[in-house]
Amino acid sequence: MRSKNIEEALRAARAAVVKPLAEASTLPPEFYTSPEIFAAEMERVIRRNWYSVGHVAEIPNPGDYFRFDLAGEPLVIVRGRDGAVRALSAVCRHRWMTVVEGAGNTGTFSCPYHKWTYALDGSLMAAPLMDEAADFDRRNCSLPNFGCEVWQGIIFVNLDGKAATLEPQLQPLAQELAPWKMDEMEIVGRVEFDQAFNWKTLVDNFMEAYHHFAIHPETFERDYPGADTTIDPAVGPYAVLRIPHKGDELSATLFPPLDGIPDKARRGFSVFNVFPAHIFAVLADSLIYYRMEIRSVEEFKLTAYLLVHPKSLDVPDVEVLKDIFRQATFAVHTEDIAACEGATKGLKSRTAGPARLSHLEAAIHQHQIWLLDQLARG
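Residue numbers (our numbering): 110 to 487.
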């Protein structure tokens, strides 16, 4: 799809999406299947905005690191000797090999190809046998530093270095979430999936409970009827889905909630999308953060982080409870996979077009209007 055709696709999408919700439709199918539109998303949306890549609990100590690929950029997320969290390029400045893979703890990054060695802040410490290279200056060969900000314990990266500071944009959410002390939470489990569908298909699925009665009749619908859900008005670069417990009763919890968690939050749970794709569900006693490592137009790795405050873990049989948490998360998402894969098949039909939206899908509408605005900036 040529650039001109992408702009035509954007105009057609705006005609479908940018209307009052009662009149609006979704993005057209090509926004889920076109490699050219996907490339535009990576350049205009993912690289230009803040994108969540992990949690500070993964790198508590100086030298702790993990790798993450974002919009084609191999990154290493590391805690420096000064305690600062940084997002460095993982690409050696010599001949482009990645200096590290996986996760661990280290004092330096030493490229396995020619042993160029970098400090934890990215500065080049050693470049063997480069003494005959004219005007070679190690100070000009540091690993690039990308924009990095920690919000509520989540590590965000901005690749182009031009995004406005994240925290002020999310101040209302920070105030609401303060009682959970999210930056102090521990990772009590992870559930990983290799997904064979577009990243927005998952966002659409997670940000509506309309499907509860069909996809989750035993796991969610009995206690959290989709018809009772509401969506907050759009006031920032995020969407909020509220899912009350049936009859406004207290929700059952695995772990004791912290003191100060509002009573309303104990009578349901909320799901948030900080645009473009920071999805997390906040329960009275815990948090589930869904990290997407996007690989292609129809492929990404999903990691569900299960987070609990350490004060809530001082209970009998805590390891059993953690395992129940993992099993429940796996079971619910397995049900969602069937829906997402089925929709992906249908998106390729020549009969597929923009789909009308229910009032229960307002969070999808909010996200797609924002997405089109970002893509329109060229």
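We put the CB at the ideal spot given by N, CA and C, even for glycine. Note that this is a predicted model, so its numbers are computed, not measured.
Between the Cα of residue i and the Cα atoms of the options, which residue gives the shortest distance?
i, options, result
"T453", "N214, A305 and K431", "A305"
"F147", "W308, I296 and V165", "W308"
"G462", "E117, P129, Y141 and K290", "Y141"
"T338", "Y319, T310, D173 and T226", "Y319"
"N214", "Y174, G192 and K224", "Y174"
"S143", "K457, I478, S467 and L481", "K457"
"R486", "N158, T310, K224 and P326", "N158"
"T226", "A212, V391, V200 and D244", "V200"
"L411", "L286, M239 and F439", "F439"
"E139", "A471, M401, H474 and A464", "A464"
"I446", "T310, A437, L430 and K431", "T310"
"D230", "S251, K420, E428 and E330", "S251"
"Y160", "H468, A386 and L430", "A386"
Quick test of your reading: residue i and residue j, contact by CB under 8 angstroms. State the CB separation rounded to the nearest angstrom.
i, j, result
"R247", "A236", "6 angstroms"
"L184", "R176", "7 angstroms"
"L481", "V154", "Between V154 and L481 the Cβ distance is about 10 angstroms, and since that is not below 8 angstroms, they are no contact."
"L179", "V266", "6 angstroms"
"G270", "G216", "Not quite, the Cβ-Cβ distance comes to about 27 angstroms (not below 8 angstroms), so this is no contact."
Less than 6 angstroms between C-beta atoms, sequence neighbours within five positions excluded: which residues of the same chain meet that for residue i?
i, result
"P346", "Q278 and F384"
"R404", "none"
If you drop the 5 nearest sequence neighbours on each side, which residues of the same chain put their C-beta closer than 7 angstroms to that of residue i?
i, result
"Y398", "H164, I263, F389, Y414 and L416"
"H476", "V312, M316, A348, N382 and F384"
Opposite residue i in the DSSP bridges: which residues?
i, result
"L197", "V185 and N254"
"F302", "L411"
"L350", "I340 and V380"
"F315", "Its beta-bridge partners do not exist; DSSP assigns none."
"S219", "T226"
"N170", "The partner list for N170 (beta bridge, DSSP) is empty, contrary to what the question assumes."
Work out the CA separation of residue j and residue i for me, nearest whole Å.
i, j, result
"E293", "A121", "45 angstroms"
"E145", "L367", "47 angstroms"
"I478", "N314", "17 angstroms"
"L363", "E132", "41 angstroms"
"F255", "L136", "31 angstroms"
"N170", "E295", "14 angstroms"
"A393", "E167", "23 angstroms"
"A374", "R195", "33 angstroms"
"S219", "R202", "12 angstroms"
"A212", "V162", "13 angstroms"
Looking only at its chain, what residues have a beta carbon closer than 8 angstroms to the beta carbon of residue i, apart from the 5 residues adjacent to it on each side?
i, result
"W289", "L367, I370, V391, L396 and H418"
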